[in-house]
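Colleague:
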Amino acid sequence: MINLVLFGQLKETLGEITVPRAEDTATLIKLLKQQYPVLEDTSFMLAVDKKLVTENTPLTENCTVALLPPYSGG
Amino acid sequence: MINLVLFGQLKETLGEITVPRAEDTATLIKLLKQQYPVLEDTSFMLAVDKKLVTENTPLTENCTVALLPPYSGG
Amino acid sequence: MNMEKKIKSIFIEGPIQPSFIAESIQQHNSKKEIGAHNIFLGQVRADEINGNKVVAINYSSYEAMALQEYHEMRESIFAEYDLTCLHVYQSIGKVAAGEICLFVFASSKHRKTAFDACEAMVEKIKAGLPVWGQELFEDDSSQWKTNK
Amino acid sequence: MNMEKKIKSIFIEGPIQPSFIAESIQQHNSKKEIGAHNIFLGQVRADEINGNKVVAINYSSYEAMALQEYHEMRESIFAEYDLTCLHVYQSIGKVAAGEICLFVFASSKHRKTAFDACEAMVEKIKAGLPVWGQELFEDDSSQWKTNK
Chain D
533 MINLVLFGQL KETLGEITVP RAEDTATLIK LLKQQYPVLE DTSFMLAVDK
583 KLVTENTPLT ENCTVALLPP YSGG
Chain E
533 MINLVLFGQL KETLGEITVP RAEDTATLIK LLKQQYPVLE DTSFMLAVDK
583 KLVTENTPLT ENCTVALLPP YSGG
Chain W
615 MNMEKKIKSI FIEGPIQPSF IAESIQQHNS KKEIGAHNIF LGQVRADEIN
665 GNKVVAINYS SYEAMALQEY HEMRESIFAE YDLTCLHVYQ SIGKVAAGEI
715 CLFVFASSKH RKTAFDACEA MVEKIKAGLP VWGQELFEDD SSQWKTNK
Chain H
615 MNMEKKIKSI FIEGPIQPSF IAESIQQHNS KKEIGAHNIF LGQVRADEIN
665 GNKVVAINYS SYEAMALQEY HEMRESIFAE YDLTCLHVYQ SIGKVAAGEI
715 CLFVFASSKH RKTAFDACEA MVEKIKAGLP VWGQELFEDD SSQWKTNK
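Residue numbers (my numbering), protein chains in the order written: chain D, 533 to 606; chain E, 533 to 606; chain W, 615 to 762; chain H, 615 to 762.
#1: Of all the options D:V585, D:A579 and D:L571, which has the alpha carbon lying nearest to the alpha carbon of E677 of chain W?
#2: When we look at the beta-carbon of D730 of chain H and count the other beta-carbons within 10 Å, is it buried (16 or more) or exposed?
#3: Helix, strand or coil for F692 of chain W? Go by DSSP, reduced to three states.
#4: Use the C-beta contact count for A670 of chain H: other C-beta atoms within 10 angstroms, 16 or more gives buried, fewer gives exposed.
#5: Looking at C-alpha atoms only, which residue of W:A636, W:G665, W:W746 and W:K762 is the closest neighbour of A680 of chain W?
#6: By the three-class DSSP mapping on this structure, what secondary structure does F719 of chain H have?
#7: So S722 of chain H packs on T698 of chain H, CB below 8 Å; how close in whole Å?
#8: So, at 7 Å on beta carbons, what are the nonlocal neighbours of T727 of chain H in its own chain, with the 5 sequence-adjacent residues on each side left out?
#9: Bridge partners of C704 of chain W, per DSSP?
#10: Taking only the alpha-carbon atoms, compute the straight-line gap between V658 of chain W and I639 of chain W and give it to the nearest angstrom.
#11: Verify the CB distance criterion: does N666 of chain H have a CB-CB separation below 9 Å to chain E?
#12: Just checking, does the segment 555-570 of chain D make contact with the segment 586-605 of chain D on the three C-beta pairs under 8 Å criterion?
#13: At what residues does the beta strand (DSSP E) containing G747 of chain W begin and finish?
#14: Report back the beta-carbon spacing between H724 of chain W and A650 of chain W to the nearest angstrom; my notes put them in contact at under 8 Å.
#15: Between the C-alpha atoms of S755 of chain W and G712 of chain W, what's the straight-line distance to the nearest angstrom?
#16: Would L600 of chain E count as contacting chain H if we go by Cβ distances under 9 Å?
#17: Can you list, in chain order, the residues of its chain with a C-beta nearer than 8 Å to that of L563 of chain E? Leave out the 5 residues immediately preceding and following it.
#18: Would you mind telling me which residues of chain H sit closer than 8 Å to Y603 of chain E, beta carbon to beta carbon, in chain order?
#19: Mind checking if L563 of chain W is an interface residue toward chain H, Cβ cutoff 9 Å exclusive?
#20: Would you list the one or two residues that DSSP bridges to Y673 of chain W?
#21: Cutting at 6 Å between CB atoms, please list the residues of its own chain near S623 of chain W, excluding the five before and the five after it.
#22: Compare the beta carbon distance of L620 of chain D and T596 of chain D with 9 Å and say whether it is the shorter of the two.
#23: So, with DSSP's three-state summary, where would you put P552 of chain E?
#24: Within 10 Å of its beta-carbon, does P629 of chain W have 16 or more other beta-carbons around it, so buried, or fewer, so exposed?
#25: Measuring alpha carbon to alpha carbon, tell me which of W:N652, W:I706 and W:E752 ends up nearest L743 of chain W.
#26: Can you give, in chain order, each stretch of the alpha helix (DSSP H) that sits fully within the segment 558-602 of chain D and has at least 4 residues?
#27: Taking only beta-carbon atoms, is Q704 of chain W less than 9 Å away from chain D?
#28: Go through its chain and collect everything with a Cβ distance to H701 of chain W's Cβ below 6 Å, but skip five positions before and after it.
#29: If A626 of chain W sits next to Y684 of chain W, beta carbons under 8 Å apart, how far is it from one beta carbon to the other, in whole angstroms?
#30: If you run the structure through DSSP and keep just helix, strand and coil, what is M617 of chain W?
#31: Are S675 of chain W and K738 of chain W touching if we call contact CB-CB under 9 Å?
#32: Among E:A598, E:T574 and E:E572, which has the Cα closest to the Cα of D630 of chain E?
#33: Does any C-beta atom of chain D lie closer than 9 Å to the C-beta of C715 of chain W?
#34: What residue from E:P602, E:G540 and E:V585 has the CA that sits closest to I561 of chain E's CA?
#35: Is DSSP giving F729 of chain H helix, strand or coil here?
#36: To which residues does DSSP link S756 of chain W through a beta bridge?
Quick look at the structure:
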């Protein structure tokens, strides 16, 4: 199972979502975009287990994937 | 009459001093250095009526000349 | 000896109070090798967007990740600058226009180091800390802030 | 209308208290166009010179001239930077090691302006304000400070 966490405008827009099974981040994002087309128009970064990932990354059982809209702190 | 004010280490070193008559700052400094040779070894700037002067400046009756050691505020 | 350094939280619920900043300054009184402090404060602006005024910003964060990222930023600043101290506080939750939402405090022997390190840390925070601000308007609408 | 702007004194007798800094921050709460404050604080260092430790600095100034010079510095900073506010306070008299002797506070819409203006003002003050600091040592000797 993959844990998916959303933040900022993505949390507001998508709320609770159903997480598809996926072996890596590229697959996960592809499936999520099919399920939630709004993601096509949204800019976001990915973190796996609290680490930013920019390349396709394998997902392990019980890992946590975060969808992060552009930061706007401070 | 010229009013002479001293600050910092110059005030500490010279204390109360006798002010010679002088028509301009160059003459004043020359006379002061004869009177107080320690001024030869001291770096200082001059202000006439609260304005820094870097060139020879005429002195008028009742003007105030300040001898200013290098600043060290803040 | 426990070598693992506990990562102190940087989050404060609601606005950062001036009295908190004063206490923070006061605590450096005993560090007598410090000659210069530089403090950055972010204040919520009442920006007007299409005639609608921002009354507050509601901040949220991915806190567990933010603390990791903060720790790395801090290490890299200490590696680059000869600092005595570096402290960061970011508001979470609602901060009204006019109130303080970010407090970055760098202390060093000399002023140039304090200025440079503080500014570098603020830039790192703006670019790399997973925090989101939602601007709340006077007509109860809202929009998500974007950092420049 | 009186066009002549009164030059406010910038001198504070003794150390600058953290509570005074907090009040100063608090007063900007109503200026809702401000997005960024940058604060510089000079703190007296317990420098050791030939095994003799600085316990305090005794500051004096040519105050009438200093206020004129300060006014010119201020005008030139406002001409160069898009600032909302700029405040400066310098201690006069004795300030112990660990205490604050200089407080420069620049506020602007954006952070870059606040940082740059504050740093530029601190440099102007160090170079151009007629203030002298006498370092007092633990053995009751003293020496006149020089700025770098």
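C-beta: ideal position from N, C-alpha, C; glycine also.
Since this is a predicted model, take the numbers as computed values, not measurements.
Modeller: In this structure, then:
#1: D:A579
#2: buried
#3: helix
#4: buried
#5: W:W746
#6: strand
#7: 6 Å
#8: Y695, D696 and L697
#9: Per the sequence presented here, residue 704 of chain W reads as Gln, with Cys not at that position. Beta-bridge pairing links Q704 of chain W to W:F625 and W:L716.
#10: 22 Å
#11: no
#12: yes
#13: V745 to F751
#14: 6 Å
#15: 19 Å
#16: yes
#17: P552 and A554
#18: K740, A741, G742, L743, P744, V745, W746 and N761
#19: Within the shown structure, residues of chain W are numbered from 615 to 762, placing residue 563 of chain W beyond reach of any answer.
#20: W:G707 and W:G747
#21: none
#22: Here chain D covers residues 533 to 606 and nothing more, so residue 620 of chain D does not appear.
#23: coil
#24: buried
#25: W:I706
#26: none
#27: yes
#28: F719
#29: The amino acid occupying residue 626 of chain W in the given sequence is Ile; Ala does not appear at that position. The pair is not a contact, with the Cβ atoms about 13 Å apart (cut-off 8 Å).
#30: Model confidence at M617 of chain W stands at a pLDDT of 45, short of 50, so the residue's coordinates are unreliable; what they give is reported in the following sentence. Here M617 of chain W sits in coil by DSSP.
#31: no
#32: Nothing can be reported for residue 630 of chain E, as the shown portion of chain E is limited to 533 through 606.
#33: yes
#34: E:V585
#35: helix
#36: W:L750
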